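In what follows, a single structure is set out as structure tokens and then discussed.
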Amino acid sequence: MKTFNTLRVIFTLVGLGMLVGALFSFQSTSAFLETATAKPGVVTDLILSRSSDSNAYYPVVRFEDEQGRPIEFQSSSGSNPPGFSRGEQVRVLFAPGEPESARIDGFFSLWGASLIVGGLGAAFFLSGTGMFVVPAIRNGSAAKLRQTGSVKPVADTRNTP
1005 MKTFNTLRVI FTLVGLGMLV GALFSFQSTS AFLETATAKP GVVTDLILSR SSDSNAYYPV
1065 VRFEDEQGRP IEFQSSSGSN PPGFSRGEQV RVLFAPGEPE SARIDGFFSL WGASLIVGGL
1125 GAAFFLSGTG MFVVPAIRNG SAAKLRQTGS VKPVADTRNT P
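Per our numbering, the sequence shown starts with residue 1005, numbered consecutively.
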């Protein structure tokens, strides 16, 4: 029982922490989009990243900043199969004067972190809070059963006009 109590607290707190992190990520991306400069770019390469259980392709994009200097960056979001192909034209967003903040203007590139962290946070939080709520409901039903002999509401059998 002690392990169960520890788990439900940990799941709830981890979920809550991840939901807060997702909120900060969402706010950061929203603030970035309010001031971002858009420039055309081109995918110059796809970098394969291998792990023990999967592979992902990360696009490398070249664009020109406000002064016309060529900038190249590797996207922080990858996929398998690749979401882009070499030579593909993309729209690049970056903070004015900060071309190193560049991101591809795509849904997952912008919102992926918020969605993943928020989804996992919701799952942990709901699991943890469920481990509090379900036993409370069961204990309430058991107490009502001991008190009244039934978990159903007792009907009023008196004759009332």
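Where a beta carbon is used, it is the ideal one built from N, C-alpha and C, also for glycine.
These numbers were taken from a predicted model, which means no experiment stands behind them.
Where the alpha helix (DSSP H) containing residue i begins and where it ends
{"i": "N1059", "result": "Segment N1059 to E1068 is the beta strand (DSSP E) holding N1059; no alpha helix (DSSP H) there."}
Collapsed DSSP secondary structure at residue i in the structure displayed
{"i": "A1099", "result": "strand"}
{"i": "S1056", "result": "coil"}
{"i": "F1077", "result": "strand"}
{"i": "P1139", "result": "helix"}
{"i": "T1040", "result": "Looking at the sequence provided, one finds Ala at residue 1040 rather than Thr. Coil, per DSSP."}
{"i": "G1072", "result": "coil"}
{"i": "G1045", "result": "strand"}
{"i": "S1131", "result": "helix"}
{"i": "S1089", "result": "coil"}
Bridge partners - residue i, DSSP secondary structure assignment
{"i": "R1107", "result": "L1097"}
Among the options, nearest to residue i - alpha-carbon criterion
{"i": "G1091", "options": "S1056, F1008 and G1045", "result": "G1045"}
{"i": "S1079", "options": "D1069, T1039, V1065 and S1089", "result": "V1065"}
{"i": "F1111", "options": "G1087, S1131 and L1050", "result": "G1087"}
Can we say the region 1073-1090 touches the region 1130-1144, given the rule of at least three CB pairs closer than 8 Å? Counting Cβ pairs under 8 Å, fewer than three are found: no touch.
Inspect the CB distances between the region 1120-1128 and the region 1020-1028 and report whether three or more fall short of 8 Å. Three or more Cβ pairs drawn from the region 1120-1128 and the region 1020-1028 lie within less than 8 Å of each other, which places the two stretches in contact.
Please confirm if the region 1089-1107 is in contact with the region 1030-1040, defined as three or more CB-CB distances below 8 Å between the two stretches. A contact between stretches requires three or more CB pairs, one per stretch, nearer than 8 Å, and the region 1089-1107 meets this requirement with the region 1030-1040.
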